[in-house]
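Chemist: Let me begin by handing over the structure; questions about it come next.
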Amino acid sequence: MRHDFLDRYSRLSSPIHRLPAGVKLGTALGLVLTIVMIPPGALWVFSLPAVVLLATAAISRIPLAFLVRRILFFEPLVLGIAALNLLRPGGGRIFLAVLIKSTLSLFTMILLANTTPFHALLRVFRSAGVPPLFITVLALMYRYLFVLVDEAERMTRARSSRTFDRNGARLWRSTASVIVQLFLRSSERAERIFAAMTARGWK
Amino acid sequence: MFRPGNTRNPPATLAVIPFFLYDESRLNSSFPVPVHIPDGFLDTKTVVATGILSAVALSGALRQAQRSFPAKKVPLMGLTAAFVFAAQMFNFPVLAGTSGHLMGAVLAAVLLGPAGGVLVMTSVLVVQALLFADGGLLALGANILNMAVAGPLGGYAIFAAVRRLFPGQRGTVIAVAFAAWCSTVLASVLCAGELAWSGTVPWSAAFPAMANVHMLIGLGEGVITAMVVAGLARVRPEFLGNGQPDPGRWTHVLYALTLILAFGVFVSPFASPWPDGLERVASTLGFDQRALVSSAPLADYQVPGVGSAAAATAIAAALGGIIVFLLSFLLARLLVPGPSRRS
Amino acid sequence: MKALAIRHLSYRYPDGTAALDDVSLSVEENECIGLIGPNGSGKSTLLLHVNGILPERTQGESGVSVFGMAVCPETLPAIRRTVGLLFQDPDDQLFCPTVYEDVAFGPQQFGESGDAVRSAVMEALERTGLKGFGARSPHHLSGGEKQRVCLAGILACRPRMLVLDEPTSDLDPRGKRELAALLQRLTATKIIATHDLELVVKLCSRAVVMDGGRIVADGPTVELLSNEELMVKHGLEKPHILQHSHPHTNYPLSPDHG
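Residue numbers (this note's numbering), protein chains in the order written: chain G, 1 to 203; chain P, 1 to 343; chain A, 1 to 258.
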């Protein structure tokens, strides 16, 4: 299954990947802050973070096509909101600024996600003092979302092989019932996980 | 700790983007459709304000959860978060070419209590932002405020109120459906307010676009949430009684204050007496008021006799709310068999 | 002192269905017994009583004692160190982000120091043939590998008793062979609930048949499992490995003790 759709390249080996997770997180945050704070007037200033990001991407050995595809995935949304500005006079500059800021920020986050395994980020949170309850929830969530997505796919496939109808209402109903089933199974799984955790001493 | 979150921004874009970008192939696509505010849309003051409000609410929820949450429910929190994430990947058609998806705030709140709901939704948003770049880092505060604070807390308050009026299994379904619809609309209105506050999108464009579309998406949210809850009530009713002690007056006060502040800061400047509000915004942001009004998309939602699209949207929202409330009764009748047939 | 002593244990689910009806069982140390029976016979329910997961609310003693310790709320931590329970679906018990963290979970919960945890994890990974798997994510592993990680997670706690619920149900033939070989090498009291009768013949000297919440037969494996009538009566069948026995060979192989 495409269980790696979230962070497919996070386990590559490159100088960037080898950096500690905390450093990468902090850098990403700093970059995004910088990008967001650049005033819309001086568009050329954006080239600085852009260069940094492109260089990082190159060193990280993540395929450029993949990165571009991920960024493009969000572009319709970005274009849409930003374009609402074109409706007013003088909005063109804001439109451009928003577009560039979002794209660069997206790029930063995609790079971060694909150079840092999630459990490393969790460890950073733990040492930053995030309460253990929240860490546990995040860890369990990350662990099981692939399992759930798998189950959801299987159920959808089973259902679509039994429906021959592109009728909207039927599609709606079958999607809804997959969702309900998925939830029931998830809640029962949660009970079993609790049993497994207590069996190994968790309180 | 909180980076700006995403806020939902789906079909507002429809107004401008050709339909072919949102075609049917996105239905049940294996990638979640991005719907949270990315970075670059919110200015610094909005980032800071939403960040502070989110942090306050989140710490209140964490403290309450750490104090009173039964250990047995912790895996359920993780799985509910995973479920919400996975469920958000299912799109359902709303208008030709538009699709919406489940937010899950009220579902999480009903299952795990308001504090649990806040934690679950925050986890979802954090993972989406960090792992999937769905939602910016700095925008995390705003997205959390909209979908992980206003959604679960506001939604749960509505749920509790309605359920008190209509007890019983059907009453629960009515309450859940209506509260889920409200949570979607509330989150979207808050998002519009944040965008307007930042100067990224004028209120008169953002509010109608966001609210109208989410009133439709909210229908899906209401139906799906109601179906899940009804299904649970039938098969595993023990999951619904979250059995937690009352969090106490101060936590309630904290939640209420956060919500009031959020809406007060981001929405009411635009909402108060229509022409004045619009004028103020126009002069602050420095453009022509008439241009704002006439350029608002989805103008066909205008109510004859009322001028601005924003006012029309507000009226539509109120009417919509009443209609949805009535529809919830119908939904409850469909989902919960009548008392004579209940064993 | 018996490894496990269950006396007159009965249990009903919250919705009222009876799951166990006056079950009594005793197991000696280092014995390996196979718990067999049709679906719904109460095997899993019985196993969950061994380390106190059931009943959900214990008031006082439940009629189960492990190595002389009666199972009750005060003794639960000690009992859970001694009894390693392997659940049926590895995904349910592999709940940490990496293999290392998962195997380390048990020792950490029991309060061991950092170094002790590390050596326990490394040793457990070595014994289950998973050296070098520490950094892997559970969802990238195969069924057999997941099962072995679960086993490693339990072995890291150094239990004296292993209780396994359908350990081979999700495995392919090679996975089954490897798991059986692994279990054979381990010295501990073993209770294996399974539908895999070949596994029972291979590993267990004693078999216990359950049906309808009761123990209906308890005796040497080969003798019980060769009794076709008994097997069919309780929803089982005589395993192939016992279908043919040849006087001049060692077939069926006599099961080894751990």
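Note that CB positions come from ideal geometry on N, CA and C, so glycine has one too.
Do the CB positions of E194 (chain P) and F266 (chain P) come within less than 8 Å of each other?
Modeler: Here residue 194 (chain P) corresponds to residue number 194 of the second sequence, with the count starting at 1. Here residue 266 (chain P) corresponds to residue number 266 of the second sequence, with the count starting at 1. It is a contact, given that the beta carbons lie within the stated cut-off.
Chemist: Give, in chain order, every residue of the region 133-147 of chain G whose Cβ lies closer than 8 Å to some Cβ of chain P.
Modeler: From the region 133-147 of chain G, only L133, F134, T136, V137, L138, A139, L140, M141, Y142, R143, Y144, L145, V147 have a Cβ closer than 8 Å to chain P.
Chemist: Kindly indicate if chain G contains any beta-carbon less than 8 Å away from that of T82 (chain A).
Modeler: To locate residue 82 (chain A), count along the third sequence from 1; it is residue 82. False, the Cβ-Cβ gap to chain G never drops below 8 Å.
Chemist: Output yes if chain G places a C-beta closer than 8 Å to the C-beta of Y11 (chain A); else output no.
Modeler: Position 11 of the third sequence holds residue 11 (chain A). Answer no: the Cβ-Cβ gap between Y11 (chain A) and chain G never drops below 8 Å.
Chemist: If the cut is a Cβ gap below 7 Å, which residues of chain G does Q109 (chain A) touch?
Modeler: Translated into the one-based positions of the third sequence, residue 109 (chain A) becomes position 109. Per Cβ cutoff of 7 Å: R200, G201, W202.
Chemist: Can you check whether the C-beta of L122 (chain G) is within less than 8 Å of a C-beta belonging to chain A?
Modeler: In the first sequence, residue 122 (chain G) corresponds to position 122, counting from 1. Closer than 8 Å: yes.
Chemist: Looking at the C-beta of A21 (chain G), does it have a partner C-beta in chain P at a distance below 8 Å?
Modeler: For the purposes of this step, residue 21 (chain G) is taken as residue 21 along the first sequence, with counting starting at 1. By this cut-off, A21 (chain G) is not an interface position.
Chemist: For L326 (chain P), is the classification buried or exposed, using 16 other Cβ atoms within 10 angstroms of its Cβ as the cut-off for buried?
Modeler: As a first step, residue 326 (chain P) must be located in the second sequence, where it is residue number 326. So L326 (chain P) ends up on the exposed side.
Chemist: Return the chain-ordered list of same chain residues with a C-beta closer than 7 Å to the C-beta of L94 (chain A), the five sequence neighbours on each side being excluded.
Modeler: The sequence position of residue 94 (chain A) within the third sequence is 94, counting from 1. D102, P138, K146, V149, C150.
Chemist: Since I believe V124 (chain G) is in contact with L138 (chain P) (beta carbons under 8 Å), could you give me their beta-carbon distance rounded to a whole number of angstroms?
Modeler: Locating residue 138 (chain P) in the second sequence gives position 138, counting from the first residue. Locating residue 124 (chain G) in the first sequence gives position 124, counting from the first residue. Not confirmed; about 18 Å, so no contact.
Chemist: Against I224 (chain P), what residues of chain G qualify as contacts under a CB-to-CB distance less than 7 Å, listed in chain order?
Modeler: Position 224 of the second sequence, counting from 1, holds the residue named residue 224 (chain P). Per Cβ cutoff of 7 Å: A176, I179.
Chemist: Are three or more beta carbon pairs between the region 153-173 of chain A and the region 41-55 of chain A nearer than 8 Å?
Modeler: Counting Cβ pairs under 8 Å, three or more are found: they touch.
Chemist: Going by DSSP, name the residue or residues bridged to C32 (chain A).
Modeler: Counting from 1 along the third sequence, the entry for residue 32 (chain A) is found at position 32. Bridge partners of C32 (chain A): A:K190.
Chemist: Roughly how many whole angstroms lie between the Cα atoms of L145 (chain P) and L130 (chain P)?
Modeler: As a position in the second sequence, residue 145 (chain P) is number 145, starting the count at 1. As a position in the second sequence, residue 130 (chain P) is number 130, starting the count at 1. Straight-line Cα distance between these residues: approximately 17 Å.
Chemist: Tell me the rounded alpha-carbon separation between V50 (chain A) and L219 (chain P).
Modeler: By 1-based counting over the third sequence, the position of residue 50 (chain A) is 50. By 1-based counting over the second sequence, the position of residue 219 (chain P) is 219. Between V50 (chain A) and L219 (chain P), the C-alpha separation is close to 48 Å.
Chemist: Report, in whole angstroms, the separation of the C-beta atoms of L102 (chain P) and E221 (chain P), which I expect to be a contact under 8 Å.
Modeler: Position 102 of the second sequence, counted from the first residue, corresponds to residue 102 (chain P). Position 221 of the second sequence, counted from the first residue, corresponds to residue 221 (chain P). Right, their Cβ atoms sit about 6 Å apart.
Chemist: Taking only beta carbons into account, state which residues of the region 94-120 of chain G come closer than 7 Å to chain A, listed in chain order.
Modeler: Against chain A - using a Cβ distance shorter than 7 Å - the residues of the region 94-120 of chain G are F118, H119.
Chemist: Does the pairing of the region 78-95 of chain A with the region 56-69 of chain P give three or more beta-carbon distances under 8 Å?
Modeler: Not touching, per the Cβ criterion.
Chemist: Quick check on R192 (chain G) - is its C-beta less than 8 Å from some C-beta in chain A?
Modeler: As a first step, residue 192 (chain G) is located in the first sequence; it is residue number 192 there, counting from the start. Yes, R192 (chain G) lies at the interface with chain A (some Cβ there is under 8 Å from its Cβ).
Chemist: Indicate whether at least one CB of chain A lies closer than 8 Å to the CB of R189 (chain G).
Modeler: Walking along the first sequence from the start, residue 189 (chain G) turns up at place 189. Answer yes: the Cβ-Cβ gap between R189 (chain G) and chain A drops below 8 Å somewhere.
Chemist: How is V27 (chain A) classed by DSSP in three states: helix, strand or coil?
Modeler: If you number the third sequence from 1, residue 27 (chain A) lands on position 27. In this structure, V27 (chain A) counts as strand in the three-state DSSP scheme.
Chemist: Please state whether the Cβ-Cβ distance between V124 (chain P) and F166 (chain P) is less than 8 Å.
Modeler: Numbered from 1 along the second sequence, position 124 holds the residue referred to as residue 124 (chain P). Numbered from 1 along the second sequence, position 166 holds the residue referred to as residue 166 (chain P). No. Outside cutoff.
Chemist: Can you tell which of P:L216, P:V201, P:G135, P:L140 has its C-alpha closest to the C-alpha of F73 (chain G)?
Modeler: As a first step, residue 73 (chain G) is located in the first sequence; it is residue number 73 there, counting from the start. Checked all of P:L216, P:V201, P:G135, P:L140; the closest Cα to F73 (chain G) is P:G135.
Chemist: Below 7 Å on C-beta distance, what does H240 (chain A) contact in chain G?
Modeler: As a working note, residue 240 (chain A) is residue 240 in the third sequence. By Cβ distance, chain G contributes nothing, its closest Cβ being about 32 Å from H240 (chain A), past 7 Å.
Chemist: Looking at the C-beta of A158 (chain G), does it have a partner C-beta in chain P at a distance below 8 Å?
Modeler: Along the first sequence, read from residue 1 onward, the residue named residue 158 (chain G) stands at position 158. Not an interface residue.
Chemist: Since V83 (chain A) sits in a beta bridge, which residues does DSSP pair it with?
Modeler: Working through the third sequence from its first residue, we reach residue 83 (chain A) at position 83. Note: V83 (chain A) sits in a beta bridge opposite A:M161.
Chemist: Since I6 (chain A) is in the beta strand (DSSP E), which residue starts that stretch and which ends it?
Modeler: On the third sequence, residue 6 (chain A) is found 6 positions in, with the first residue counted as 1. Run containing I6 (chain A): 4-12, per the beta strand (DSSP E) assignment.
Chemist: Would you kindly check if the distance between the Cβ of A312 (chain P) and the Cβ of A211 (chain P) is under 8 Å?
Modeler: Counting from one through the second sequence, the residue named residue 211 (chain P) turns up at place 211. Counting from one through the second sequence, the residue named residue 312 (chain P) turns up at place 312. Taking 8 Å as the Cβ cut-off, A211 (chain P) and A312 (chain P) do not qualify as a contacting pair.
Chemist: Since A217 (chain A) is in the alpha helix (DSSP H), which residue starts that stretch and which ends it?
Modeler: As a working note, residue 217 (chain A) is residue 217 in the third sequence. Premise fails: A217 (chain A) lies in the beta strand (DSSP E), 214-220, not in any alpha helix (DSSP H).
Chemist: Express the C-alpha separation of G68 (chain A) and L4 (chain A) in angstroms, rounding to a whole number.
Modeler: Within the third sequence, numbered from 1, the residue matching residue 4 (chain A) stands at position 4. Within the third sequence, numbered from 1, the residue matching residue 68 (chain A) stands at position 68. L4 (chain A) and G68 (chain A): Cα-Cα distance of roughly 8 Å.
Chemist: At a Cβ cut of 7 Å, what residues of the region 105-133 of chain A count as close to chain G, listed as they run along the chain?
Modeler: Within the region 105-133 of chain A, the qualifying residues are F105, G106, Q109, F110.
Chemist: Buried or exposed for A82 (chain P), please, with buried defined as at least 16 other CB atoms from any protein chain shown within 10 angstroms of its CB.
Modeler: Here residue 82 (chain P) corresponds to residue number 82 of the second sequence, with the count starting at 1. The residue is buried, with at least 16 neighbouring Cβ atoms inside 10 Å.
Chemist: How is the alpha helix (DSSP H) around M231 (chain A) delimited, first residue to last?
Modeler: Taking the third sequence and counting its residues from 1, the one referred to as residue 231 (chain A) is at position 231. Start and end: 228-233.
Chemist: If we call anything under 8 Å between Cβ atoms a contact, is T251 (chain P) one with V106 (chain P)?
Modeler: Position 251 of the second sequence, counted from the first residue, corresponds to residue 251 (chain P). Position 106 of the second sequence, counted from the first residue, corresponds to residue 106 (chain P). No, the pair does not count as a contact, with Cβ atoms beyond the cut-off.
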